[in-house]
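S.K.:
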């Protein structure tokens, strides 16, 4: 079933043999993992609607690890909405957030954090943390973002602080503009 390259092929197989939904190929990948890797959202959506689908089927990593490692935000979100554990560690101890950070996918990192991914992996060595992965691969801006999220106590706190900073900046700009306009009117 993991070899079904087209949606109609997948539907044909599942209509006759739905119990094959979690079958893995010779490389240890399920159809969901293959579709997540390819970024095939229609295929992922079809598979997620199939009774008995194992969203966290692990053969080293999960479909969420693969989608994150390839920067497929919509698939990461769909998997999480169907119960995928965004903090699950693969057989090497890496989380989906680590993979997205390692590959430099800032939008996927933000997506994972918004879905409850922990910015730090409990029990992992410092050099195995998402921030370190991003920094070691030259993604300094992403590593700095992760550090900022950690320092303020998580994603929600960081987003609230960022919004407040933006509002303060907009207010200061509006005041400066009004003062400049008043000065030019007085002149």
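Numbering (my numbering), first residue to last: 5 to 191. Glycine included, each C-beta is placed from N, C-alpha and C at the ideal position.
(1) Flag this pair as yes or no: are the beta carbons of residue 134 and residue 83 separated by less than 7 Å?
(2) Over what stretch of residues does the alpha helix (DSSP H) that includes residue 129 continue unbroken?
(3) Considering only their Cβ atoms, is the gap separating residue 34 from residue 11 smaller than 7 Å?
(4) Could you compute how far the alpha carbon of residue 86 sits from the alpha carbon of residue 136?
(5) With C-beta atoms as the reference, is residue 99 less than 7 Å away from residue 74?
(6) Could you check where the alpha helix (DSSP H) with residue 20 kicks off and where it finishes?
(7) Is residue 115 closer than 7 Å to residue 77 when the C-beta atoms are compared?
(8) Restricting to runs no shorter than 4 residues, where is the alpha helix (DSSP H) found entirely within the segment 20-72?
(9) Any idea if residue 46 is buried or exposed, counting beta-carbon neighbours within 10 angstroms, 16 or more meaning buried?
(10) Taking the straight line between their C-alpha atoms, what separation do you get for residue 154 and residue 110?
(11) Which same chain residues, not among the five before or five after residue 63, have their C-beta less than 8 Å away from its C-beta?
(12) According to DSSP, is residue 148 helix, strand or coil?
M.R.: Per the coordinate set shown:
(1) no
(2) It is not in any alpha helix (DSSP H) - residue 129 carries neither H nor E in the DSSP assignment.
(3) no
(4) 29 Å
(5) no
(6) 11-20
(7) yes
(8) 35-42, 45-52
(9) exposed
(10) 15 Å
(11) 28, 32, 33, 34, 37
(12) helix
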